[in-house]
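Heads up: the sequence shown is residues -29 to -1, 1 to 658, going by mature numbering (1 follows the signal peptide of the UniProt record, and there is no 0). Even for Gly, the Cβ is constructed at its ideal location relative to N, Cα and C. Step one of this worksheet: look at the structure below.
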Amino acid sequence: MRRLEVPKLIPFIPTTIALGLMAALPAVADEVYTLDTTTVTSSFRDDSLQETAASVSVIDEAELNKPGNTHLADVLAQAPNVNLSAGASRGKYYQIRGVGERSQFIGAVNPSVGVLVDGIDMSSATLGATLLDAKQVEVLRGPQSSLYGANALAGLINITANEPTDTLTGDVELTVAQYNTQNLSAAVGGPISDKVSYRIAAQRNTSDGVTKNDYLNRDDTNNIDETLLRTKFRIAASEDLDLDLSAFYANVDNGYDVFSLDNNRHSLADSPGHDRQETLALSGKSSWYGNENFIQETSISVSKSDLEYGFDEDWTYPGFHPDGYDSFDNYQRDEKGATLDVRFISTEESRLFNDSTDWTGGLYYFNRSSDLTRDRTGKDTFTSEYEANRYAGYGELSTGLTDKLTWINGLRLEEDHTLYSDSDGNRSKPTELLWGGRMALEYQTSDSQMLYGLISRGYKVGGYNSNGDVPAAQRNFDSETLWNYELGAKHNLLDDTLHTQVAVFFQQRNDAQIKASRIIGPGDFIDYTANADSAYSYGLEAQAQWQVANAVQLYGSLGLLQTELKETGAKFDGRDAAHAPEYQFAFGVNVDHGSGWFSGLDVEGKDEFYFSDSHDSRSESYALFNARFGYQLDNWTVTLWGKNLTDEVYAVRGFEFGNDPRNGYTTDEYVQLGAPRMFGVTTKYAF
C-alpha cells in the first residue's frame, strides 16, 4: 500500500483553511454570531455539552446531513480516540480509547461499546445503526456503567432521530454517485391532533460496491442494498403524562467480497460473501409529572434481528489450491432483545440535604438471546444457544457544595445470569454480581469555564469460548473491570463564538478481555477470548468549534492515545492494544459565499495501529480529504461532493496467516481496504 506521511500534511491543513477564510472575507461583518447550545441527552438529566462533566463528542445534524453520510461509520472520525473495524460490508465494530471488539465469529459477544438508537440497544446488531433522519450522535468516552451497565465498559454511542413536530415539516433527498451508488430518503412530520404528533422517515441505499470479481466477471459482489423505515409518535395523553413511541425496521442485504490474495480490489472468489440483517424494533417511553416530588420515566424496548454473515474462506475458485481447498463459512444468528428501565428523577421540592442535592434512581432489566447456526464446507453444522438476563439498580446524587462546586456520585449494582449450550455438548450457566459507578467534581469557575475531575469504574461480564479447538484451560474467561481517571476543562470564549473542551485521562483494565487466535491449518484459524494480566491507556482529547463569522465556521478534534497490554509470555506482552492509533485528528471548514453558494473541506487522519492482539499485522498512517460545493435556493439545495480526494489507499481490517498456495502458504498479511475516491451529487428539498 502507498504510505502517506501525515506530518507532511500539517502545513497544508491550515493553508487550506486559510484559503477558505479568504474566499469568504467579503461576507464577514462586525456582528457576533454565537454558537447554539448543544444538549447531551444520554445522561441522568439533559445537560448542555459545556456543562457535562465527561469527555463527550456531539455530532450535530449539520454534520450528519453532509452528502455521503448514511451510516454511523461515516461520521465517527469526528470523535477523538474512537476507531472502528469492518470485517463486513460496513464498519460495525467500535473501539473507544483502544477498548472494543473488532469482529464476531462463533462466540457470543458482549460489546464493550454500547450503541443505542432512539433508546433501543443495537450493540449486537450495529449494521442497523444508520443515520436515517438522525438529529444527533453522542459519543461518551470512558465507562458509562452508572447508567448503562455492562454494555458500556469503554463508552457509549447514542443516536437520536428527529422528533415529531407541531407543524408540518419534512424533506426529500436524492444522491447519485460513482459505483452505481444511489440513495433516496424522505421524512415528514407534523400534528395529527392537538395532542398527537408524528414523524415518518424512510431510506433506500444501493451501490455496486468497489470490488471487481475477475473470476465471475462481476462488479457488484460487494454491493450495498439497504431499506430502512422509522416512525415516531408523541402523545400528550394527559396534563401529567407524555408518551413517546417509536418503531424501526431495517432490511440489509449487502455483499461481502473484499479480501484478495493480492491485497487489492480484484477478487477471485467463486462464492462471494454476504452481510445481512433484518431488524424490527419497538420502543416506548412514558413521562409522568403527577407527583410534585419526582418525575417518573418508564422506558421499554423490544427488538428482533436475523443476522447472516458468510464469506469465501479460500478467496478463490475450485482448482486454484492444489490440494482442493475450497471452503465457505456461514453464520446465521437469531437475536432477540428487551429492556425495561423505570426511573425516578427528583424535582426542586424533593432535593435532599438542605435543598442542596438532586437525585435520580431506577431499576433496570435486560434480556438478550442469540441462537447461532454455523455451516462450513466439509464440517458438521454447529449450533449454539445463548441467553443473558441482567437485573440492576442504580442511582446518582448531584450535590451543590457551593454556588460553583458540584459533587456527583453514581452507583450501579448489576446481577448477570447467562445460559449457554451448543451442539458439541458444552454447557455453561454462570452468575455474576458486578458493580460500577462514578464520582466527579465539577467546578464552574465562571459563566464561560468549567473544570472537572472524574473517577469511574466500568465492568463487563465474563464468558465461555465454545470452539472445541480451544484448549480446555482457556475455555472460560473472567469478567473485566476498568478504572478511569479523568481531568477536563470546557470553555465558551470570544463572546460565545468559540467552544472548546479538553480532557486528559488514565485507564487501568483488570483481567482485560483480549481477542486471541490460533492457526490450525492453511487458511484456517480460530478466534477466542482470553484474560490479560492487565492493560492500561492514557491520553488526551481536544475538540473545538469556532463560528468565526456568519460566513465561516471552523471545527476540529485531536486524540492522543498510549496503550499497553501486559501478559507474561503472550505475543502482545508490552505492546499497544489493537485498533488504538497513537493519534487521530479531524479538521474542517464550512464557508457561506453568499447568494446561496457554499463550500466545505474536511480532513481526517489516523496513525498506524495493530489489527489484532495475536499477530503483528498493522495499518499504515493515513489522511483523507473530503470536499463539497453547493447552491441553495429557497427550499432546494444541490451539492457536489467528493470523498478521499487524493485516492489514499488505506486498510480498515487486517489478518496474518497463510492462505496463498503460490508462496507455499507462508504467513502473510491480508487487509480489507477502505473506500477509494468517490464523487457524487446530492439534491435535497426541505419544507
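Worksheet item: How far does the beta strand (DSSP E) with S505 in it reach, from first residue to last?
Response: Along the sequence shown, read from residue 1 onward, the residue named residue 505 stands at position 534. Taken as a continuous stretch (DSSP letters only), the beta strand (DSSP E) holding S505 covers 505 to 520.
Worksheet item: Do N606 and M649 come within 8 Å of each other at the CB atom, strictly closer than that value?
Response: As a working mapping, residue 649 is identified with position 678 in the sequence shown. As a working mapping, residue 606 is identified with position 635 in the sequence shown. Contact: no.
Discussion item. So, does the region 109 to 121 touch the region 146 to 163, judging by three or more C-beta pairs under 8 Å?
Written reply: no
Practice prompt. Please classify V147: is it buried, with 16 or more other beta-carbons within 10 angstroms of its beta-carbon, or exposed?
Written response: Start at 1 with the first residue of the sequence shown, and residue 147 comes out as number 176. By the neighbour-count rule (16 or more Cβ atoms within 10 Å), V147 is not buried but exposed.
Discussion item. My parser needs the beta strand (DSSP E) runs of 3 or more residues fully inside the region 376 to 412; what are they?
Written reply: 376 to 393
Worksheet item: When we look at the beta-carbon of residue 678 and count the other beta-carbons within 10 Å, is it buried (16 or more) or exposed?
Response: Residue 678 lies beyond the residue range present for the chain, which begins at -29 and ends at 658; the question has no answer from this structure.
Item to complete: Please check the pair N122 and G78, which I expect to be a contact at CB under 8 Å, by giving their CB distance rounded to whole angstroms.
Response: Looking up residue 122 in the sequence shown gives position 151. Looking up residue 78 in the sequence shown gives position 107. Between G78 and N122 the Cβ distance is about 16 Å, and since that is not below 8 Å, they are no contact.
Worksheet item: Going straight from the alpha carbon of E358 to that of T389, what length do you get?
Response: As a first step, residue 358 is located in the sequence shown; it is residue number 387 there, counting from the start. As a first step, residue 389 is located in the sequence shown; it is residue number 418 there, counting from the start. The straight-line gap from Cα to Cα measures roughly 6 Å.
Worksheet item: In the structure shown, what three-state DSSP assignment does T97 receive?
Response: Here residue 97 refers to the residue found at position 126 of the sequence shown. Helix.
Practice prompt. Assign S588 to one of three DSSP states: helix, strand, or coil.
Written response: Along the sequence shown, one-based indexing puts residue 588 at 617. DSSP places S588 in coil when its eight states are reduced to three.
Worksheet entry | Euclidean distance between Cα positions of I130 and A100 | In the sequence shown, the residue the question calls residue 130 occupies position 159. In the sequence shown, the residue the question calls residue 100 occupies position 129. Using only the alpha carbons, I get a separation of about 8 Å.
Worksheet item: Which residues in the same chain have their Cβ closer than 7 Å to the Cβ of W568, if we skip the five residues on either side of it in sequence?
Response: Here residue 568 refers to the residue found at position 597 of the sequence shown. Here the set comprises Y602.
Item to complete: Count the other CB atoms, across all protein chains shown, that sit within 10 Å of the CB of G39; report buried if there are 16 or more and exposed otherwise.
Response: As a first step, residue 39 is located in the sequence shown; it is residue number 68 there, counting from the start. Looking at its Cβ environment, which holds 16 or more other Cβ atoms inside 10 Å, G39 is buried.
Discussion item. Suppose you measure from the CA of T608 to the CA of A657; what does that come to, to the nearest Å?
Written reply: Looking up residue 608 in the sequence shown gives position 637. Looking up residue 657 in the sequence shown gives position 686. Roughly 8 Å between the two C-alpha positions.
Worksheet item: For the region 288 to 332, which segments carrying the beta strand (DSSP E) assignment without a break, of at least 3 residues, lie completely within its bounds, in sequence order?
Response: 299 to 317
Worksheet item: DSSP three-state call for G601: helix, strand or coil?
Response: Stepping through the sequence shown from its first residue, residue 601 is reached at position 630. G601: strand per DSSP, three-state reduction.
Worksheet item: Could you give the distance in angstroms between the alpha-carbon of V574 and the alpha-carbon of R361?
Response: Walking along the sequence shown from the start, residue 574 turns up at place 603. Walking along the sequence shown from the start, residue 361 turns up at place 390. Their backbone Cα atoms lie some 42 Å apart in a straight line.
Item to complete: Pick out whichever of A44, L469, L372, A48 has its Cα sitting closest to the Cα of S419.
Response: Start at 1 with the first residue of the sequence shown, and residue 419 comes out as number 448. With distances taken between Cα atoms, S419 lies closest to L469.
Worksheet entry | C-beta contact flag for L644 and R205 at 8 Å | For the purposes of this step, residue 644 is identified with residue 673 of the sequence shown, where counting begins at 1. For the purposes of this step, residue 205 is identified with residue 234 of the sequence shown, where counting begins at 1. Their beta carbons are not under 8 Å apart, which means L644 does not touch R205 by this criterion.
Item to complete: Starting from the C-beta of P(-4), find all residues in its chain whose C-beta is less than 8 Å away, skip the five residues before and the five after it, and write them out in chain order.
Response: For the purposes of this step, residue -4 is taken as the residue at position 26 of the sequence shown. Low confidence applies to P(-4): its pLDDT is 44, below 50, so where it sits in the model is not reliable enough to give any reading.
Discussion item. By DSSP's criteria, G434 is part of a beta bridge. Which residues make up the other side?
Written reply: Looking up residue 434 in the sequence shown gives position 463. According to DSSP, which records beta bridges pairwise, G434 is partnered with F448.
Worksheet item: DSSP state of S355, grouped into three classes?
Response: If you number the sequence shown from 1, residue 355 lands on position 384. Three-state result, S355: strand.
Discussion item. I need the boundaries of the alpha helix (DSSP H) containing A33, first residue and last residue.
Written reply: As a position in the sequence shown, residue 33 is number 62, starting the count at 1. A33 -> alpha helix (DSSP H) spans 32 to 35.
Discussion item. For Q248 and D228, what's the separation of their Cα atoms in angstroms?
Written reply: Here residue 248 corresponds to residue number 277 of the sequence shown, with the count starting at 1. Here residue 228 corresponds to residue number 257 of the sequence shown, with the count starting at 1. Distance between the alpha carbons of Q248 and D228: 17 Å.
Discussion item. I need the DSSP call for P632, collapsed to helix, strand or coil.
Written reply: The residue labelled residue 632 in the question sits at position 661 within the sequence shown. If DSSP states are grouped into helix, strand and coil, P632 belongs with the helices.
Fill in: Nearest-angstrom Cα separation, counted from Y430 out to A33
Here residue 33 refers to the residue found at position 62 when the sequence shown is read from its first residue. Here residue 430 refers to the residue found at position 459 when the sequence shown is read from its first residue. In a straight line, the C-alpha of A33 is about 34 Å away from that of Y430.
Practice prompt. Note down the Cα distance separating H586 from Y65, rounded to an integer number of angstroms.
Written response: Sequence index remark: in the sequence shown, residue 586 carries index 615 (1-based). Sequence index remark: in the sequence shown, residue 65 carries index 94 (1-based). In a straight line, the C-alpha of H586 is about 20 Å away from that of Y65.
Practice prompt. List the endpoints of the continuous alpha helix (DSSP H) containing Y150.
Written response: Position 179 of the sequence shown, counted from the first residue, corresponds to residue 150. It is not in any alpha helix (DSSP H) - Y150 carries neither H nor E in the DSSP assignment.
Practice prompt. Label V642 either buried or exposed according to how many other C-beta atoms from any shown protein chain fall within 10 Å of its C-beta, with 16 as the threshold for buried.
Written response: Against the sequence shown, residue 642 aligns to sequence position 671. Buried, since its Cβ has 16 or more Cβ neighbours within 10 Å.
Discussion item. Among the candidates S56, L103, Q153, S26, whose CA atom is the shortest distance from the CA of G651?
Written reply: What you label residue 651 is simply residue 680 of the sequence shown in a count that begins at 1. That would be Q153, whose Cα lies nearest to the Cα of G651.
Practice prompt. Return the residue from the list S231, F556, Q478, S588 that minimises the CA-CA distance to E535.
Written response: Taking the sequence shown and counting its residues from 1, one reaches residue 535 at position 564. Among S231, F556, Q478, S588, the Cα nearest to that of E535 belongs to Q478.
Discussion item. I'd like the list of long-range same chain contacts for A218, defined as Cβ closer than 6 Å, with 5 residues on each side in sequence excluded.
Written reply: Sequence index remark: in the sequence shown, residue 218 carries index 247 (1-based). These residues qualify, in order along the chain: T202, L253.
Discussion item. For A646, which residues in the same chain have their Cβ closer than 8 Å to its Cβ, ignoring the five residues on either side in sequence?
Written reply: Within the sequence shown, residue 646 is the residue found at index 675, counting from 1. Excluding positions up to five away in sequence, the list reads V181, K614, N615.
Discussion item. Along the chain, where does the alpha helix (DSSP H) containing Y280 start, and where does it finish?
Written reply: The sequence position of residue 280 within the sequence shown is 309, counting from 1. That residue, Y280, is in no alpha helix (DSSP H); its beta strand (DSSP E) goes 265 to 283.
Item to complete: Work out the CA separation of N151 and A598 for me, nearest whole Å.
Response: Taking the sequence shown and counting its residues from 1, the one referred to as residue 598 is at position 627. Taking the sequence shown and counting its residues from 1, the one referred to as residue 151 is at position 180. Cα to Cα, the separation comes out at about 20 Å.
Worksheet item: For E22, which of helix, strand or coil comes out of DSSP?
Response: Counting from one through the sequence shown, the residue named residue 22 turns up at place 51. E22: helix per DSSP, three-state reduction.
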